[in-house]
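Peer 1: Just so you know, we're using our numbering here: the sequence shown kicks off at 281 and counts up by one. We treat Cβ as the ideally placed atom computed from N, Cα and C, and that holds for glycine. Before I ask anything, let me first share the structure, which is written out below as structure tokens.
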Amino acid sequence: MRRTADRIRHAISFEIIGLVLITPLGAWAFDMPLHSIGLVALVAATLATLWNYVYNFLFDHAMLRLRGAVSKRLKHRIVHAVLFELGLLIILVPFIAWQLDISLVDAFIMDVSFALFYLVYAFVFNWLYDVVFPVPEPEPASASIAPSQS
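Quick look at the structure:
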């Protein structure tokens, strides 16, 4: 199981790298000012960072309870990324519509576009993160001490 400091490093590095990539791409793709997309991306990243911490904590506990381990196979990584992005989509669409003064439909299209980017990005980032910072193996249960023979 990952420790708190590792989870914080994971969440912050994920969002910083994502911001550096998505802000200029979003401004270009949607023909919007860089600062407008930058503000939306910054608020979205802040919300996503909080969601990332909570979501990964809950997902790891679910994996541990259901599988007895937090290591993820390909199918687990796909489910992990899709569920994360769906939760974030529900949170962000109203904010994007309000901030950019666009319709909910346009905000939905924009957020789905960002979510598709982040879906691939999350998959690659998390895989690489697990390679660079492997999940520590769980401590084995203490072996019971045999009664001493006198």
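Given that a residue counts as buried once 16 or more other Cβ atoms are within 10 Å of its Cβ, and exposed if not, what is Asp391?
Peer 2: Buried, since its Cβ has 16 or more Cβ neighbours within 10 Å.
Peer 1: Have a look at Lys352 and Tyr333 and give me their C-alpha separation to the nearest angstrom.
Peer 2: Distance from the CA atom of Lys352 to the CA atom of Tyr333, rounded to whole angstroms, is 17 Å.
Peer 1: Which of the three DSSP states is assigned to Lys352 in this structure?
Peer 2: coil
Peer 1: Can Arg393 and Phe310 be called in contact, C-beta distance under 9 Å?
Peer 2: For clarity, residue 393 is Ser in the given sequence; the question names Arg instead. Yes, the Cβ-Cβ distance between Ser393 and Phe310 is below 9 Å.
Peer 1: Give the C-beta separation of Ile302 and Ala321 to the nearest angstrom, bearing in mind that I take them to be a contact with Cβ-Cβ under 8 Å.
Peer 2: 6 Å
Peer 1: Relative to the C-alpha of Arg282, which candidate in Ala387, Val404, Phe337, Leu372 has its C-alpha closest?
Peer 2: Among Ala387, Val404, Phe337, Leu372, the Cα nearest to that of Arg282 belongs to Phe337.
Peer 1: Measure the CB-CB distance between Val323 and Phe364 and report whether it falls below 9 Å.
Peer 2: no
Peer 1: If you compare alpha carbons, which of Arg347, Trp378, Phe339 is closest to His360?
Peer 2: The residue from Arg347, Trp378, Phe339 with its alpha-carbon nearest to that of His360 is Phe339.
Peer 1: Can you give me the start and stop residues for the alpha helix (DSSP H) that Ile296 sits inside?
Peer 2: Note, Ile296: alpha helix (DSSP H), 284-310.
Peer 1: Can you tell which of Leu369, Leu299, His356, Arg345 has the C-alpha that lies nearest to the C-alpha of Trp331?
Peer 2: Leu369
Peer 1: Beta carbon of Phe388, beta carbon of His290: below 9 Å?
Peer 2: no
Peer 1: For Glu295, which residues of its own chain have a beta-carbon under 7 Å away from its beta-carbon, when the five flanking residues on both sides are left out?
Peer 2: Ala325, Ala328, Thr329
Peer 1: Hey, quick one: how far does the alpha helix (DSSP H) through Val415 stretch, first residue to last?
Peer 2: Taken as a continuous stretch (DSSP letters only), Val415 belongs to no alpha helix (DSSP H), as it is neither H nor E.
Peer 1: Which term fits Gly348, buried or exposed, when burial requires 16 or more other beta carbons within 10 angstroms of its beta carbon?
Peer 2: The residue is exposed, with fewer than 16 neighbouring Cβ atoms inside 10 Å.
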